[in-house]
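Report on one structure; see the data block that follows.
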Amino acid sequence: MKGLDTRLSRRGLVVGLAALTASCATGSKRGAPVVAQAPAPLVVPTEPLAVPPPVVKVQFDPLGLIRKPLLDGGLEALKRHEARIPTKDQIYLVDFQQHSSLPRLYRLDLASGEVTAFRTAHGKGSDPAHSGFAQRFSNVMDSNASSVGAYVTAGPGMGAKHGPNVLLDGLEPTNSEARDRAIIIHAADYCEPEFLAREGKLGRSYGCFSVSTADLQTLRPIMGEGRLLFAAA
Numbered sequence: 001m002k003g004l005d006t007r008l009s010r011r012g013l014v015v016g017l018a019a020l021t022a023s024c025a026t027g028s029k030r031g032a033p034v035v036a037q038a039p040a041p042l043v044v045p046t047e048p049l050a051v052p053p054p055v056v057k058v059q060f061d062p063l064g065l066i067r068k069p070l071l072d073g074g075l076e077a078l079k080r081h082e083a084r085i086p087t088k089d090q091i092y093l094v095d096f097q098q099h100s101s102l103p104r105l106y107r108l109d110l111a112s113g114e115v116t117a118f119r120t121a122h123g124k125g126s127d128p129a130h131s132g133f134a135q136r137f138s139n140v141m142d143s144n145a146s147s148v149g150a151y152v153t154a155g156p157g158m159g160a161k162h163g164p165n166v167l168l169d170g171l172e173p174t175n176s177e178a179r180d181r182a183i184i185i186h187a188a189d190y191c192e193p194e195f196l197a198r199e200g201k202l203g204r205s206y207g208c209f210s211v212s213t214a215d216l217q218t219l220r221p222i223m224g225e226g227r228l229l230f231a232a233a
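Heads up: the sequence shown begins at 1 in the UniProt record's numbering, then just goes up one per residue.
Structure representation (structure tokens):
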């Protein structure tokens, strides 16, 4: 009997182990963890960065018509009197070192850098011998001399003596009396081409920036109000 009991015990052990193994195998199939797949990253298309346009530096006076000290002086005056000069699309420069027979009133377009030149007279008091060169300057009433420095255009005017003109206000101690002295831009017969051809120089004003009739017709509408005129010698 003892041998039979031993055999039964072994058989029961084998059957139990088999059942346990089958149970574990079944449980492993049913209880295996499910690993979730990570979602694919969302790719958002990006706009290309805007590239700013290249900065193009304007070349002032590409033909070199204006003396550099005069050009530099005019640009410095534009900065110095910025509050008094609201319109900065163009400036006007007068070179009193040049003979009156030569174009010496320059219009500089600050956007394009282009220059247009006109002839202009100087005052009798600046050239008593009528040599064609302005040699002295004054801000004094009845001196009949031209004044140097920065001016601001004050718009078109109409005078009893000279007719259409451009008004000016002086901005510096060298020309602060310009309005009281009636220093303006006007047309005069002594600035006409016929006078120049006959005399070899322009006539003289009483201190005004006199020009030909044709040039005044060009300048008066574009000079307008609030622009710089800078005169130097």
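Backbone N, C-alpha and C fix where the C-beta goes; we use that ideal spot for every residue, glycine too.
Extent of the continuous beta strand (DSSP E) run through residue i
i	result
residue 302	A query on residue 302 cannot be resolved here, the shown segment of the chain reaching from 1 to 233 and no further.
R119	Careful: R119 lies outside any beta strand (DSSP E) and carries neither H nor E.
L65	Taken as a continuous stretch (DSSP letters only), L65 belongs to no beta strand (DSSP E), as it is neither H nor E.
Residue i: first and last residue of the uninterrupted alpha helix (DSSP H) it sits in
i	result
A129	Careful: A129 lies outside any alpha helix (DSSP H) and carries neither H nor E.
P74	It is worth fixing the name first, because residue 74 is Gly in this sequence and not Pro. Per DSSP, G74 belongs to the alpha helix (DSSP H) from K68 to R80.
A197	P193 to E199
Assigned exposure category for residue i - 16 Cβ within 10 Å defines buried
i	result
Q217	exposed
D215	buried
G155	exposed
S205	buried
A134	buried
H99	exposed
S143	buried
E192	buried
A111	exposed
H122	buried
L63	exposed
H186	buried
R227	buried
M223	buried
L49	exposed
D197	Residue identity differs from the one stated: residue 197 is Ala in this sequence, not Asp. So A197 counts as exposed.
Candidates the options, of which the one nearest residue i by Cα
i	options	result
I183	A83, A231 and Q90	A231
S126	V140, G113, P69 and F118	V140
S147	L171, K161 and L108	L171
T153	E225, K201 and L65	E225
A150	Y190, D72 and A188	D72
K57	R181, H186 and G113	G113
G74	P221, D109, R179 and R181	D109
R107	F60, S101, S138 and G132	F60
- Message: For the pair the stretch 94–108 and the stretch 198–210, tell me if three or more CB-CB distances fall below 8 Å.
- Response: Yes, they touch.
- Message: If we require 3 or more residues per run, which beta strand (DSSP E) segments fall completely within the stretch 136–187?
- Response: DSSP runs (the beta strand (DSSP E)) wholly in the stretch 136–187: 149–159, 163–170 and 184–187.
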